[in-house]
DNA sequence: ACCGATTGTCGAACCGGTTCGCGCAAAGTG
DNA sequence: CACTTTGCGCGAACCGGTTCGACAATCGGT
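Chains as they are written, first to last, in the numbering used here: chain A, 852 to 1188; chain B, 852 to 1188.
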């Protein structure tokens, strides 16, 4: 079922059908209705590939995310879902591309073969060569996160520095003097993951300002690593009474480690960090945390990208978000011990 | 940068370049190398839309999943990631489509505009009209889950009936006589979600066989619903000493409810169910559960679909999986109270 | 030296849309 | 009534690939 068939049945030329579909030229009421009726009867929809070829746009955006090798966190997954829905609302489809795999074939295909009009990048690194690849083929992109030089880029990011600082201040205000920081895995920190770096930076800075004793740890993205990490924390410094974490996947393990060490949360030990709200509420006690606004970020990223696609020369824009800490049940005053 | 440009620079015709790329006709060593050199220098990759138009295949598969309105569970998200990776390994891209939204525009586009060669359906219902839509446009599909008449379909599914039965037997073997079943939300059950129906069926059957007292509940897909559900369970029948759940998202809430009711797991109360392994390990105590093999299922679904695409007339195949229950720490002998 | 088979390359048509310029007929103007 | 304007629809060209039939050059055999 193609446009030629529609034209034939309606007794008009292919171009006229096209103009009815696009509305880019006026068509008389009579022929329009005649054509429309045929279209409706046959349930005709124009072929996406042909249309993409003809007008140079695929109406598809690429979502570049890290491979599952290192488990997905709930946060990443929330992003994916929300980006897809925001895009669907604007009549864009979303093509998923796991990047960071062996040869990155999928990512290269996405770009080189022009399967997409633009891309949204997740899990940003401070120096992110994916931008270079995108620039070199002239594909617009929007990042979820900031590189080291965010001034003139398109992105929507979380102010991990401020968020980590806020967590330290919150704990210091409660009287905690010895605080640990549980970061993402070391391999990601070394790779330059921006959240890991900026969070660490904020934590370190605020800890120094408040004069609290601090140690920082890297921790694998899973429960058992979290448990092991917590054991190390208490082994290294038994006087630790609180921790801040960016590592959502390890959270369950951290809690378990605390329970096994006989530390009651929040009476003996406070836990806080940066976590998607929905996941913060699944643990007991519910986590006091800066809730990652995944839905808003997904929507904003799509909005920015679509704007950029529609106005190729528009000046760069971005959104830096710093959601407040939601007080729940995992933090409390430092024990008077 | 198109194939004509390559041809011009190499001093050959477009068709010869095409044959070098596809290898569908022999090309002499000399010209092949000449062409290949130009291609490499310019980093040329053929345009995906043009190729799709010409040979009628997009090399893309659609992944149809439910919208996030009712939160994603970890299991669904694991599927998505694993499907994308399995597809990438076979040089297929994955287009995401949230179905079940207002007018399902995205799903319709996927099919009607032939953006994909085939589709993988998640969150199956016993009567799933998405199959009819797919059939009507002649797109092959593979389901993750089974309809009411799975005999001659293509799918990879979990034997929720057997799994729920196994959970009941496990608990009954431990001496539990009063067991609750926590299902997915009522709205999903009414919509005919197959996991909810088959799980319920298996639970009910096994409970009857073993002569245990049972009640079944529907529960929202979030922690607070889980907590509320547990309160109802203990209110309805304080003698309940165990539960089986299919509702991963509610798990944290169920645990919290138990803690607040003063029931210690597993000493006073046993919990088990069907959950993705990774999530079963984040709760404390770690959940004894039938681990959903998300990775294997994602891979199998892609394998089946690709096979179906390559051999359109191949007879239907499917895989019914029934992973064993992984013994962890959330179940124990019924109290002698 | 001639003929048939083989090998390698080319040109043209096609996939299914979009878009531009043109021609024709009806309507508007003096 | 001749002359421009306007409104509609058509045909052709194009987007960037793939594929088929034709043809020239080379090869082996008698």
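Where is the CB? At the ideal position from N, CA and C, for every residue including glycine.
Remember, predicted model here, so these are calculated numbers, not experimental data.
For residue 931 of chain B, the nearest beta carbon of chain A is closer than 9 Å to its own beta carbon. Between the C-alpha atoms of residue 1070 of chain A and residue 1126 of chain A there is a straight-line separation of about 15 Å. A distance below 9 Å separates the beta carbons of residue 972 of chain B and residue 994 of chain B. Looking at the DSSP output, residue 958 of chain B sits in no beta bridge, so it has no partner there. Ranking A/934, A/1055, A/1152, A/895 by CA distance to the CA of residue 963 of chain B puts A/895 first. In the DSSP annotation of this structure, the continuous segment of the beta strand (DSSP E) that includes residue 1123 of chain A starts and ends at 1121-1127. Inside the segment 976-1005 of chain A, DSSP marks whole alpha helix (DSSP H) runs of 4 or more residues at positions 980-988, from first to last along the chain. With a contact defined as Cβ atoms closer than 8 Å, residue 1033 of chain B and residue 946 of chain B miss out at about 34 Å.
Proximity to residue 1068 of chain A across A/872, A/1089, A/1094, A/986 peaks at A/1094, based on C-alpha coordinates. Per the C-alpha coordinates, the member of A/879, A/880, A/938, A/901 positioned closest to residue 1156 of chain A is A/938. Around residue 871 of chain A, no beta-carbon contact reaches into chain B at under 7 Å, the shortest distance being about 17 Å. For residue 1047 of chain A, no pairing in a beta bridge is given by DSSP.
Taken in chain order, no unbroken stretch of beta strand (DSSP E) lies wholly in the segment 914-942 of chain B with a span of 3 residues or more.
When C-beta atoms of the segment 1002-1012 of chain A are compared with those of the segment 1040-1058 of chain A, three or more pairs fall below 8 Å, so the two segments count as touching. Residue 1080 of chain A is bridged by DSSP to nothing; it lacks a bridge partner. Where residue 855 of chain A is concerned, the enclosing alpha helix (DSSP H) starts and stops at 854-861. Within chain B, no residue has its CB atom less than 8 Å from the CB of residue 1003 of chain A, the nearest being about 26 Å off. By the 16-neighbour rule on beta-carbons within 10 angstroms, residue 978 of chain B is exposed. Runs of the alpha helix (DSSP H) lying entirely within the segment 861-896 of chain B and spanning at least 4 residues, in chain order: 865-873, 880-893.
Between residue 893 of chain A and residue 856 of chain A, the C-beta gap is smaller than 9 Å, which places the two residues in contact.
It is roughly 12 Å from the alpha-carbon of residue 863 of chain A to the alpha-carbon of residue 878 of chain A. What residue 1075 of chain A touches in chain B, judged by beta-carbon distance under 9 Å, is 1132, going in chain order. If you check the CB distance, residue 961 of chain B and residue 913 of chain B come in under 9 Å. Judged by DSSP secondary structure, residue 1011 of chain A falls within the alpha helix (DSSP H) whose first and last residues are 1011-1024. At a beta-carbon threshold of 8 Å, the residues of chain A lying near residue 957 of chain B are 939, 944, ordered along the chain. Burial of residue 1045 of chain A is indicated by the presence of at least 16 other C-beta atoms within 10 angstroms of its C-beta.
The residue among A/1177, A/1184, A/852, A/1153 with its C-alpha nearest the C-alpha of residue 992 of chain A is A/1153.
The DSSP-derived three-state label of residue 1162 of chain A is coil.
Residue 976 of chain A does not reach chain B, its nearest Cβ partner there being about 20 Å away, counting only Cβ pairs nearer than 8 Å.
Under the Cβ criterion of 9 Å, residue 1121 of chain A is not counted among the residues facing chain B. According to DSSP, residue 1066 of chain B shares a beta bridge with B/1031. Ranked by how close their Cα comes to the Cα of residue 1141 of chain A, the residues A/874, A/1098, A/1079 have A/1098 in first place.
Within the same chain, 1104 come within 7 Å of residue 1075 of chain A by CB-CB distance, once the 5 residues on both sides are set aside. In the three-state scheme derived from DSSP, where H, G and I count as helix and E and B as strand, residue 1139 of chain B is classed as strand. Residue 1028 of chain B is a Cβ neighbour of residue 1064 of chain B, given a cutoff of 9 Å. When the Cα atoms are used, residue 1136 of chain A and residue 1016 of chain A turn out to be separated by approximately 22 Å.
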